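Chains as they are written, first to last, in the working numbering: chain A, -3 to 109; chain B, 5 to 119.
For reference, the structure is listed below as structure tokens.
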Amino acid sequence: SAVISQKPSRDICQRGTSLTIQCQVDSQVTMMFWYRQQPGQSLTLIATANQGSEATYESGFVIDKFPISRPNLTFSTLTVSNMSPEDSSIYLCSVEGGRIEAFFGQGTRLTVV
Amino acid sequence: AQKITQTQPGMFVQEKEAVTLDCTYDTSDQSYGLFWYKQPSSGEMIFLIYQGSYDEQNATEGRYSLNFQKARKSANLVISASQLGDSAMYFCAMRAGTGGFKTIFGAGTRLFVKA
Chain A
-3 SAVISQKPSR
7 DICQRGTSLT
17 IQCQVDSQVT
27 MMFWYRQQPG
37 QSLTLIATAN
47 QGSEATYESG
57 FVIDKFPISR
67 PNLTFSTLTV
77 SNMSPEDSSI
87 YLCSVEGGRI
97 EAFFGQGTRL
107 TVV
Chain B
5 AQKITQTQPG
15 MFVQEKEAVT
25 LDCTYDTSDQ
35 SYGLFWYKQP
45 SSGEMIFLIY
55 QGSYDEQNAT
65 EGRYSLNFQK
75 ARKSANLVIS
85 ASQLGDSAMY
95 FCAMRAGTGG
105 FKTIFGAGTR
115 LFVKA
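What follows is the structure, given as structure tokens:
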């Protein structure tokens, strides 16, 4: 099973600032996914990140707001830009490297004040 | 379109009893995978069990079993001998080929285990 380290685990940020969340995997994986979970809601996919290409964003999410980097097969970052209180959520990364399970990082609990 | 439906926002169960969490799904794919995850208050997503669409046997993992009824497109999670630590949010999820192997999630069911 893949081990995913995600950090920070939580943060409180001022509106208008940006936060970069890191996701490190202990093995090489093809696809990495970033999800958002708003309070009391289910998980919503933000984007799929493949190494060497631009991330593919889901409807309702744009690169200017959620830029993603995928510099190699074990690492990715998600930036939440120009934050507002509506961005307060749990952000999770997951990987699927040919295994049947989707493994998740521990999540980043973001509060924007 | 692919969809996961969990119709139970909240469920209560007495400690040591069994509980069934409902999940129905919709997909036109023949090959797909169904998952259940547990999310405690800490926010992490814990993988519980997996069922492949071609698996003839219902999946089991310890106290967790998946009641897979393909014709009805249902994949209910059964937790036997509930424990207080089972109190959490539970999500049913699906991954299918036409979805680009993205995992989509149901709305979730919050389980409360009573002592």
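The C-beta atom is built at its ideal place from N, Cα and C for all residues, glycine as well.
Nothing here was measured: the structure is a model prediction, and the numbers come from that model.
For chain E, find out if any of its Cβ atoms is closer than 8 Å to the Cβ of residue i; answer yes or no.
{"i": "B/THR107", "result": "Here chain E cannot be found, since the structure's protein chains are A and B."}
Any beta carbon from chain A within less than 8 Å of residue i's own beta carbon?
{"i": "B/ALA65", "result": "It should be noted that the sequence gives Glu, not Ala, for residue 65 of chain B. False, the Cβ-Cβ gap to chain A never drops below 8 Å."}
{"i": "B/TYR54", "result": "yes"}
{"i": "B/ALA119", "result": "no"}
{"i": "B/GLY101", "result": "no"}
{"i": "B/ALA111", "result": "yes"}
Among the options, which one has its Cα closest to the Cα of residue i?
{"i": "A/CYS19", "options": "A/VAL109, A/VAL108 and A/THR104", "result": "A/THR104"}
{"i": "A/TYR53", "options": "A/LEU69, A/THR70 and A/LEU74", "result": "A/LEU74"}
{"i": "B/ARG99", "options": "B/GLN12, B/SER35 and B/LEU88", "result": "B/SER35"}
{"i": "A/GLN34", "options": "A/LEU88, A/GLU92 and A/PHE100", "result": "A/LEU88"}
{"i": "A/ASP22", "options": "A/SER1, A/SER85 and A/SER49", "result": "A/SER1"}
{"i": "A/PHE71", "options": "A/GLY36, A/THR40, A/THR44 and A/THR13", "result": "A/THR44"}
{"i": "A/LEU15", "options": "A/SER90, A/SER38, A/ASP83 and A/VAL76", "result": "A/VAL76"}
{"i": "B/LEU81", "options": "B/GLN87, B/ASN62 and B/ALA75", "result": "B/ASN62"}
{"i": "B/LEU52", "options": "B/ASP59, B/GLN18 and B/PRO44", "result": "B/PRO44"}
Return no unless some Cβ of chain B is closer than 8 Å to the Cβ of residue i.
{"i": "A/THR44", "result": "yes"}
{"i": "A/SER23", "result": "no"}
{"i": "A/ARG105", "result": "yes"}
{"i": "A/PHE29", "result": "yes"}
{"i": "A/ALA(-2)", "result": "no"}
{"i": "A/LEU69", "result": "no"}
{"i": "A/SER38", "result": "yes"}
{"i": "A/ILE17", "result": "no"}
{"i": "A/GLU97", "result": "yes"}
{"i": "A/ILE86", "result": "yes"}
Tell me the residue span of the beta strand (DSSP E) that contains residue i.
{"i": "B/CYS27", "result": "From DSSP, B/CYS27 is part of no beta strand (DSSP E); its letter is neither H nor E."}
{"i": "B/GLY37", "result": "36 to 43"}
{"i": "A/GLU92", "result": "85 to 92"}
{"i": "A/GLN2", "result": "0 to 3"}
{"i": "A/GLN33", "result": "27 to 33"}
{"i": "B/LYS7", "result": "7 to 9"}
{"i": "B/LEU52", "result": "50 to 56"}
Does the beta-carbon of residue i, which I'm using as the reference point, lie nearer than 7 Å to any heavy atom of the ligand MG?
{"i": "B/GLY37", "result": "Absent from the structure shown: the ligand MG. Ligands present: none."}
Quiz item: Using 8 Å as the Cβ pair cut-off and three pairs as the minimum, do the region 4 to 14 of chain A and the region 54 to 61 of chain A touch?
Solution: Contact fails: fewer than three Cβ-Cβ distances are below 8 Å.
Quiz prompt | Residues within the region 27 to 50 of chain B neighbouring chain A, beta-carbon criterion of under 9 Å | solution = Those residues of the region 27 to 50 of chain B that come within reach of chain A (Cβ to Cβ, closer than 9 Å) are GLY37, PHE39, TYR41, GLN43, SER46, GLY47, GLU48, MET49 and ILE50.
Quiz prompt | Contact residues within the region 84 to 96 of chain B, judged by C-beta distance below 7 Å to chain A | solution = Residues of the region 84 to 96 of chain B with a C-beta atom less than 7 Å from some C-beta of chain A are PHE95, listed in chain order.
Quiz item: If contact means a Cβ-Cβ distance below 8 Å, which residues of the region 5 to 20 of chain B contact chain A?
Solution: Residues: none.
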